[in-house]
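Colleague: Under my numbering, the residues of the sequence shown are numbered 113 to 213, in order.
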Amino acid sequence: LTQRELSQMTLMDKVPVNRACKTLESRGLAARTPNAKDGRSHLLELTAEGRAVHAGIMPLALKIEAEMFSVLNSEEQDAFRDMLARLRENAGDFDAESLAD
113 LTQRELSQMT
123 LMDKVPVNRA
133 CKTLESRGLA
143 ARTPNAKDGR
153 SHLLELTAEG
163 RAVHAGIMPL
173 ALKIEAEMFS
183 VLNSEEQDAF
193 RDMLARLREN
203 AGDFDAESLA
213 D
(Lines of atoms letter the chains of each structure in order from A and count residues from 1; the text may use other names and numbers.)
(Lines give C-alpha, C1' and ligand atoms only; values in the text may rest on other atoms or scores of the structure.)
Protein backbone atom coordinates (compact mmCIF):
# COMPACT_ATOMS: atom_id res chain seq x y z
CA LEU A 1 0.00 0.00 0.00
CA THR A 2 1.42 3.39 -0.94
CA GLN A 3 0.79 6.64 0.90
CA ARG A 4 -1.17 7.87 -2.13
CA GLU A 5 -3.41 4.80 -2.00
CA LEU A 6 -3.91 5.33 1.72
CA SER A 7 -4.85 8.97 1.09
CA GLN A 8 -7.40 7.89 -1.51
CA MET A 9 -8.85 5.13 0.67
CA THR A 10 -9.27 7.43 3.67
CA LEU A 11 -10.28 10.50 1.66
CA MET A 12 -7.53 12.43 3.43
CA ASP A 13 -5.10 14.96 2.03
CA LYS A 14 -1.59 13.63 1.42
CA VAL A 15 0.05 15.99 3.95
CA PRO A 16 -1.69 14.67 7.09
CA VAL A 17 -1.33 11.10 5.79
CA ASN A 18 2.41 11.65 5.33
CA ARG A 19 2.65 13.13 8.83
CA ALA A 20 0.71 10.23 10.34
CA CYS A 21 2.90 7.70 8.52
CA LYS A 22 6.04 9.36 9.84
CA THR A 23 4.61 9.28 13.37
CA LEU A 24 3.69 5.60 13.08
CA GLU A 25 7.17 4.88 11.76
CA SER A 26 8.87 6.80 14.57
CA ARG A 27 6.83 4.84 17.12
CA GLY A 28 7.82 1.55 15.51
CA LEU A 29 4.27 0.75 14.42
CA ALA A 30 4.80 0.99 10.66
CA ALA A 31 7.64 0.71 8.19
CA ARG A 32 7.97 2.81 5.06
CA THR A 33 10.13 1.49 2.26
CA PRO A 34 10.85 3.10 -1.11
CA ASN A 35 8.60 1.80 -3.86
CA ALA A 36 10.80 -0.06 -6.35
CA LYS A 37 8.21 0.55 -9.10
CA ASP A 38 8.66 4.31 -9.20
CA GLY A 39 11.45 5.20 -6.77
CA ARG A 40 9.49 8.15 -5.37
CA SER A 41 6.56 6.81 -3.38
CA HIS A 42 6.77 4.71 -0.23
CA LEU A 43 5.16 1.39 0.55
CA LEU A 44 3.61 1.14 3.98
CA GLU A 45 3.46 -1.92 6.16
CA LEU A 46 2.54 -2.41 9.79
CA THR A 47 5.29 -3.85 11.94
CA ALA A 48 4.59 -6.74 14.30
CA GLU A 49 3.98 -4.19 17.04
CA GLY A 50 1.68 -2.21 14.73
CA ARG A 51 -0.32 -5.33 13.92
CA ALA A 52 -0.64 -6.07 17.64
CA VAL A 53 -1.91 -2.54 18.33
CA HIS A 54 -4.37 -2.87 15.43
CA ALA A 55 -5.59 -6.22 16.74
CA GLY A 56 -6.14 -4.67 20.17
CA ILE A 57 -7.97 -1.60 18.88
CA MET A 58 -10.26 -3.17 16.27
CA PRO A 59 -12.58 -5.03 18.67
CA LEU A 60 -13.20 -1.78 20.56
CA ALA A 61 -13.72 0.19 17.35
CA LEU A 62 -16.18 -2.40 16.05
CA LYS A 63 -18.03 -2.40 19.39
CA ILE A 64 -18.34 1.40 19.30
CA GLU A 65 -19.57 1.25 15.71
CA ALA A 66 -22.17 -1.39 16.61
CA GLU A 67 -23.38 0.69 19.56
CA MET A 68 -23.66 3.82 17.41
CA PHE A 69 -25.64 2.02 14.71
CA SER A 70 -27.85 0.19 17.22
CA VAL A 71 -30.28 3.13 17.25
CA LEU A 72 -31.02 2.46 13.56
CA ASN A 73 -32.81 -0.58 12.22
CA SER A 74 -31.19 -2.49 9.34
CA GLU A 75 -33.20 -0.60 6.72
CA GLU A 76 -32.13 2.75 8.20
CA GLN A 77 -28.51 1.59 8.37
CA ASP A 78 -28.58 0.64 4.69
CA ALA A 79 -30.13 4.00 3.78
CA PHE A 80 -27.51 5.84 5.86
CA ARG A 81 -24.65 3.98 4.19
CA ASP A 82 -26.15 4.65 0.76
CA MET A 83 -26.42 8.37 1.54
CA LEU A 84 -22.82 8.48 2.75
CA ALA A 85 -21.65 6.73 -0.41
CA ARG A 86 -23.52 9.24 -2.57
CA LEU A 87 -22.05 12.17 -0.60
CA ARG A 88 -18.55 10.71 -0.89
CA GLU A 89 -18.97 10.22 -4.62
CA ASN A 90 -20.23 13.78 -5.02
CA ALA A 91 -17.38 15.16 -2.89
CA GLY A 92 -14.91 13.56 -5.28
CA ASP A 93 -16.40 15.61 -8.10
CA PHE A 94 -15.62 18.97 -6.48
CA ASP A 95 -12.89 21.12 -7.95
CA ALA A 96 -11.60 23.66 -5.42
CA GLU A 97 -10.84 26.22 -8.13
CA SER A 98 -14.32 26.10 -9.63
CA LEU A 99 -15.87 26.52 -6.17
CA ALA A 100 -13.84 29.69 -5.61
CA ASP A 101 -15.46 31.40 -8.63
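For every residue, glycine included, the Cβ atom is placed at its ideal position computed from N, Cα and C. Treat the numbers as computed from the prediction; the structure is a model and nothing was measured.
Between the Cα of ASN147 and the Cα atoms of GLU117, THR159, ARG139, which residue gives the shortest distance?
Modeller: Sequence index remark: in the sequence shown, residue 147 carries index 35 (1-based). The candidate whose alpha carbon is nearest that of ASN147 is GLU117.
Colleague: Short of 7 Å in beta carbon distance, which residues of its chain neighbour CYS133, apart from the five on each side in sequence? Order them along the chain.
Modeller: Stepping through the sequence shown from its first residue, residue 133 is reached at position 21. The answer, listed in chain order, is GLN115, ALA142, ARG144, LEU156.
Colleague: Taking the Cβ atom as the reference point for each residue, do GLY168 and GLY140 lie within a distance shorter than 9 Å?
Modeller: On the sequence shown, residue 168 is found 56 positions in, with the first residue counted as 1. On the sequence shown, residue 140 is found 28 positions in, with the first residue counted as 1. Contact flag unset, no.
Colleague: For VAL165 and THR135, what's the separation of their Cα atoms in angstroms?
Modeller: Position 53 of the sequence shown, counting from 1, holds the residue named residue 165. Position 23 of the sequence shown, counting from 1, holds the residue named residue 135. Cα to Cα, VAL165 sits roughly 14 Å from THR135.
Colleague: Can you list, in chain order, the residues of its chain with a C-beta nearer than 7 Å to that of GLU137? Leave out the 5 residues immediately preceding and following it.
Modeller: Here residue 137 refers to the residue found at position 25 when the sequence shown is read from its first residue. Excluding positions up to five away in sequence, the list reads ALA143, ARG144.
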